[in-house]
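Take a look at the structure below.
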Amino acid sequence: MTTATRSEFDQGIALTRHPEEAGRYEAELGAGWQIGGGVNGGLLLAVAGHALSLEHGTHPDPVSISGYYLSASRPGPATVRTEVLRTGRGLSTGTASLSQGGVERLRVVASHGDLATADGEVRTTARPPQLPPPNECIGMELAPKELIAQAALLERFDLRLDPATVGWALGQPSGNGRIQGWFRLADGREPDPLLLLLVADALPPVTFDLGMPGWAPTIELTVHLRARPVPGWLRVTHATRNLAGGYFEEDAEIWDESGRLVAQSRQLARAPRPA
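The sequence shown begins at 419 in my numbering and counts up by one.
Next comes the structure, spelled out in structure tokens:
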């Protein structure tokens, strides 16, 4: 669960419990989290995940969470209704529905646990991406102006992209379908499990690296959280292997400063339409 801080992220996912309806929360989606006209899908997933964290109590952390995006969210009031489906010893499972003005925007199914107890044996063949130090990577101050104009949320990030994966910004996409870099919040808030839900959808769409500019609306996003991140920078890599029928998958890995894989995600998104 988040702490009471002045971070814009904490304000962005803040919830007020409804005084009469059980499982209902009120939120205010801020304009600062917009991307391409709508509110960022990772921020919406964090709002829904936060509501379920409050409902599950002793199981505060999302372990597996899937969201289906039904319509574009706009800045302004939103309502989250939750339902706890099962409460077990190690996991609780529930659903959440985020709506605005009676129109459902997002439907979520998630299992929550306590990642503070997830420090057992780790077996993995995964390796963190090899990146230049943050001060040798490309900051958003060098991003194309048209990108910043359509993505207000980038002003809330301290995002440093790997120079090897930003050829698209110079009109020279590699065609590999990979974008990666360092991430932290601009206001210095340290990462936690709810922030990882935002980070899973924080980088520019990998279709930029395929020479396909324009925004790619998310259809479905699933995040698996493996551990609580330590303070500091996060290393994030997004990649795709298949674009067909107007849709593509985007796989993400998030590594913390200790070198541990703390979250993985996959989303299905609609490819940008030709200009």
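Where a beta carbon is used, it is the ideal one built from N, C-alpha and C, also for glycine.
Bear in mind that the values here come from a model prediction, so they are computed numbers and not experimental data.
Note down the Cα distance separating residue i from residue j, rounded to an integer number of angstroms.
i: THR421; j: GLU554; result: Interpretation of THR421 is limited by its pLDDT of 41, a score under 50 that renders its predicted location unreliable; the figure taken from the coordinates is listed afterwards. Computed Cα separation, rounded: 32 Å.
i: GLU473; j: LEU614; result: 19 Å
i: ALA496; j: THR434; result: 11 Å
i: ILE637; j: GLY663; result: 14 Å
i: ASP605; j: GLU667; result: 31 Å
i: ALA466; j: LEU516; result: 7 Å
i: ASP428; j: LEU612; result: 10 Å
i: ASP580; j: ARG602; result: 14 Å
i: GLY519; j: LEU503; result: 26 Å
i: GLU675; j: GLY460; result: 21 Å
i: MET419; j: PRO546; result: With a pLDDT of 37 at MET419, under the threshold of 50, the modelled position of this residue cannot be trusted; read the value that follows with caution. Roughly 26 Å between the two C-alpha positions.
i: GLN706; j: LEU652; result: Beyond the ends of the chain as shown, which are 419 and 693, falls residue 706; an answer cannot be given.
i: GLU446; j: GLU439; result: 18 Å
i: GLY677; j: LEU621; result: 20 Å
i: GLY508; j: ALA528; result: 14 Å
i: ARG635; j: PRO493; result: Looking at the sequence shown, residue 635 is not Arg but Pro. In a straight line, the C-alpha of PRO635 is about 17 Å away from that of PRO493.
i: ALA687; j: LEU616; result: 16 Å
i: LEU470; j: VAL498; result: 9 Å
So, for residue i: in the same chain, excluding its five sequence neighbours on each side, which residues have a beta-carbon less than 7 Å away from its beta-carbon?
i: LEU679; result: THR542, ALA544, ARG644, GLU671 and TRP673
i: HIS436; result: ARG442, TYR443 and GLU444
i: MET630; result: ALA689 and PRO690
i: HIS468; result: THR420, ILE431, LEU433 and LEU612
i: ALA657; result: GLY595, ARG596, VAL624 and ASP669
Verify whether the separation of the beta carbon atoms of residue i and residue j is less than 9 Å.
i: ASN458; j: ASP610; result: no
i: TYR487; j: LEU462; result: yes
i: ALA464; j: GLY430; result: yes
i: THR640; j: SER592; result: no
i: ARG525; j: GLU426; result: no
i: THR505; j: HIS477; result: yes
Could you tell me which residues DSSP pairs with residue i in its beta bridges?
i: HIS530; result: PRO480 and SER510
i: ILE431; result: Partner(s): none; ILE431 has no beta bridge.
i: TRP673; result: ARG653 and LEU679
i: LEU524; result: TYR487 and LEU516
i: TRP633; result: TRP633 is not bridged to any residue.
i: VAL648; result: The partner list for VAL648 (beta bridge, DSSP) is empty, contrary to what the question assumes.
Beta-carbon within less than 8 Å of residue i's beta-carbon, same chain only, minus the 5 sequence neighbours each way: which residues are those?
i: GLN568; result: ILE453, GLY454, GLY455 and TRP633
i: HIS642; result: VAL481, SER482, ALA681, GLN682 and SER683
i: GLU522; result: LEU488, SER489, SER515 and LEU516
Ordered along the chain, which non-local residues of its own chain (more than five positions away) have a Cβ less than 6 Å from that of residue i?
i: PRO649; result: GLU608
i: ARG578; result: PRO552, CYS555, GLY557, GLY599 and TRP600
i: TRP586; result: PHE626 and ASP627
i: ALA570; result: GLY450 and GLN452
i: ARG712; result: In the structure as shown, the chain starts at 419 and stops at 693, and residue 712 therefore has no counterpart that could be examined.
i: ASP576; result: ARG602 and ALA604
Just checking: is the beta-carbon of residue i within a distance shorter than 9 Å of some beta-carbon in chain C?
i: PRO478; result: No chain C is present in this structure, which holds just one protein chain.
Handout entry: the region 474-493 touching the region 518-534, judged by at least three CB pairs closer than 8 Å
Key = The region 474-493 is in contact with the region 518-534.
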